[in-house]
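Per our numbering, the very first residue in the sequence shown carries number 28; after that it's consecutive.
Yeah, the Cβ is synthetic: ideal placement off N, Cα and C, and Gly gets one too.
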Amino acid sequence: MRPGASGGSFDVLTPRAIINPAPAAQHANTADELTNPIWNESGSTITAGSGLARVLINRDSPIASNEYFGVHAETAGFVGMYISGPSGSFPFYGYVTDGVVGAYTYYNEASQEWGLVNSNATVVLKATSQNDIEIENNIHADAFKYHEPELRYVSVSGNLFQSASDIPHQINTFTNGTYVTQVTSGSLVAQVNIPDGAKISGMRVFCTDSFSGGSLITSFKVQQHGQYSRTAIVSTTTFQQASGDLELYDQPNTDTYIDYAQNHYYLEVFSDQWSGSANMRIDSVIIEYLVSEPD
């Protein structure tokens, strides 16, 4: 130790001792932090930063360079953040550019709905308490697909069948089924509409055959545009079936998809010998099909 600016010799303090700073020195070390805090309070408002400050909780670096607020929790399971309010409030999260509200999401306690509001202040999407998604306007997407193909049905009344030639036919006023009024061979046909791309999975036929002379063959047929040949995709027959009112079912032997660009389709009921009365008639047909997207 030597005095002041002396250039002479000095003596070593024995034993050596730690010199602690005076309280004034401690204040000097932290004066900048105390007089220029990161957080500023004005009334009930607390602010921080001047434009590029980051707030990171439980981590010391952003996930991406453009992250300015982040939350981390060092635990398993769900980690995240809630926006809360008292009963009757609408917790929301908004998006703003240059001071203009662009959109926000919110929760309505009364209806238990979560909604998305756009820049026109219109609720364009809702997730309801019935687990439904409601869309205000049109939906645009490359494709709308079901997770699994959905089973659909098309029903064709017996009233709709017409003669494929000049043989007379009649609608039974009691059952509404259609039959040929002569003892002859011939066909009744009916139009059927199924969505393009649908896969045919089965056909159920309701008919009556109490006539021992002939059989009813009901077919769902395909014919290529501009061609004469036609093919039965699926068909049923009353041959060797019990007499009377029948319910018959069959499925295609191969995968068949509706393709209106190449083909047209129709139902045909044929008999090599109609009875000429209502005891041999077509009552109705149900075609089952699968779709991978909304009809």
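Residue 141 and residue 111 have their C-alpha atoms some 14 Å from each other. With a cutoff of 8 Å on beta-carbon distance, residue 232 and residue 292 are scored as not near each other. In this structure residue 208 does not touch residue 198 by the C-beta definition: roughly 11 Å separates them, more than the 8 Å allowed.
In this structure, residue 238 places its C-beta atom within 8 Å of the C-beta atom of residue 306. Residue 229 is bridged by DSSP to 315. As a beta-bridge residue in DSSP terms, residue 69 pairs with 72. Around the CB of residue 182, fewer than 16 other CB atoms lie within 10 Å, so the residue is classed as exposed. In this structure residue 134 is in contact with residue 118, their Cβ atoms being roughly 5 Å apart against a cut-off of 8 Å.
Put simply, of 213, 276 and 174 the residue whose alpha carbon is nearest the alpha carbon of residue 321 is 174. Under the three-state reduction of DSSP output, residue 213 falls in the strand class. 8 Å or more divides the Cβ of residue 274 from the Cβ of residue 178.
In the three-state reduction of the DSSP assignment, residue 186 falls in the helix class. Considering only 104, 108 and 91, the residue with the shortest C-alpha distance to residue 98 is 108.
Going by DSSP, residue 277 is part of the beta strand (DSSP E) stretching over 271-277. Residue 212 and residue 219 have their C-alpha atoms roughly 23 Å apart.
The beta-carbon distance between residue 278 and residue 224, rounded to whole angstroms, is 19 Å. This is too long to meet the 8 Å contact definition.
Taking a C-beta distance under 8 Å as the contact criterion, residue 144 and residue 215 do not qualify as a contact pair. Looking from the CA of residue 157, the closest CA among 170, 171, 139 and 166 belongs to 139.
For residue 242, the three-state secondary structure derived from DSSP is coil. Here residue 83 carries a strand assignment [DSSP, helix/strand/coil].
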